[in-house]
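J.: Its first residue numbered 2, the sequence shown is counted upward by one per residue in this note's numbering.
My questions will all concern the structure given below.
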Amino acid sequence: MVNVKSKSDLEKMRKAGKIAGQARELAGKSLRAGMSTLELDKIIHDYIVSCGAVPSFLGYGGFPGSACISINEEVIHGIPNKKRIIKNGDIVSVDVGACIDGFHGDTCATFAVGKVSQEATKLLEDTKASLYKAIEKAVIGNRLGDVSHAVEEYCTPLGYGIVRNYTGHGVGRKLHEAPEVPNYGTAGRGIKLVAGMTFAIEPMINVRGDGVKTLANGWTVVTNSGSLSAHFEHTIAVTPNGPVILTEA
Numbered sequence: 002m003v004n005v006k007s008k009s010d011l012e013k014m015r016k017a018g019k020i021a022g023q024a025r026e027l028a029g030k031s032l033r034a035g036m037s038t039l040e041l042d043k044i045i046h047d048y049i050v051s052c053g054a055v056p057s058f059l060g061y062g063g064f065p066g067s068a069c070i071s072i073n074e075e076v077i078h079g080i081p082n083k084k085r086i087i088k089n090g091d092i093v094s095v096d097v098g099a100c101i102d103g104f105h106g107d108t109c110a111t112f113a114v115g116k117v118s119q120e121a122t123k124l125l126e127d128t129k130a131s132l133y134k135a136i137e138k139a140v141i142g143n144r145l146g147d148v149s150h151a152v153e154e155y156c157t158p159l160g161y162g163i164v165r166n167y168t169g170h171g172v173g174r175k176l177h178e179a180p181e182v183p184n185y186g187t188a189g190r191g192i193k194l195v196a197g198m199t200f201a202i203e204p205m206i207n208v209r210g211d212g213v214k215t216l217a218n219g220w221t222v223v224t225n226s227g228s229l230s231a232h233f234e235h236t237i238a239v240t241p242n243g244p245v246i247l248t249e250a
């Protein structure tokens, strides 16, 4: 069942979302070649805690970090590690969640470190653009399939692979709520969107192929092709005034 949020709930979600968004942006500004992903995770953790919130991911299902930090061909769920060193030319996805007053905000962006390839630059631009195309469809009266289809409609003609094994999701009192929000689908299908619904929309786009696999650590998901992957995510609310992004910094 999809939980519809009250005005009070949405205010709390806006607070959680802002903290998550600020942590995401701080991570982007802090990224530099030579630092470990564990160093970056500590910066994110300390900021979230300083805001009076709790990192949503820390301990979630046993996850050991406060953020998922995934590099290059890693799609999602990269585990922070002192031996994992960020290099010039890397693209780094930083997925962050914050919980305060009983509600979560969930967001991600992929950042370029130093000078990256043209392929990487275009992947980042296109994945981010597909997220905003999907957000535009999150309006009252539309169907969930309209949101999902928007990502597919944008990315498929560009030759990208759309990750199908993992999806966006509802967000609220729980980090993951119903419904699933795939990045592919049929327009006009699925549940009808009503005011107060809140979702994390999160395109995960590969340069080549949609196939992925999980590494031996049980968490980190990588592309089968070995190609680059990008991940952008916002938590949004469906409102009478159109979609509202709750994880703006």
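All C-beta atoms, glycine included, are put in the ideal place defined by N, C-alpha and C.
#1: Could you tell me the distance, in whole angstroms, from the CA atom of THR111 to the CA atom of VAL93?
#2: Is ALA238 helix, strand or coil by DSSP?
#3: Among GLU234, VAL182, THR187 and GLY103, which has the Cα closest to the Cα of CYS109?
#4: Could you tell me if LYS19 is buried or exposed, where buried requires 16 or more neighbouring beta carbons within 10 angstroms of its beta carbon?
#5: So what does ALA231 bridge to, in DSSP terms?
#6: Check GLY142 in the structure and name its three-state DSSP category.
#7: For PHE104, which residues in the same chain have their Cβ closer than 7 Å to its Cβ, ignoring the five residues on either side in sequence?
#8: Grouping DSSP H, G and I as helix and E and B as strand, with all else coil, what is PRO183?
#9: Which residue from VAL5, VAL97 and LEU32 puts its Cα closest to that of ALA250?
#10: Ignore the nearest five residues each way along the sequence and tell me which others in ASN143's own chain have a CB closer than 8 Å to its CB.
#11: With 16 other CB atoms within 10 Å as the buried threshold, where does ARG190 fall?
T.: For this structure:
#1: 5 Å
#2: strand
#3: GLU234
#4: buried
#5: Paired residues: ILE206.
#6: coil
#7: ASP10, LYS13, MET14, ALA17, GLY173 and ARG174
#8: DSSP, read as helix, strand or coil, puts PRO183 in coil.
#9: VAL97
#10: LYS193 and LEU194
#11: exposed
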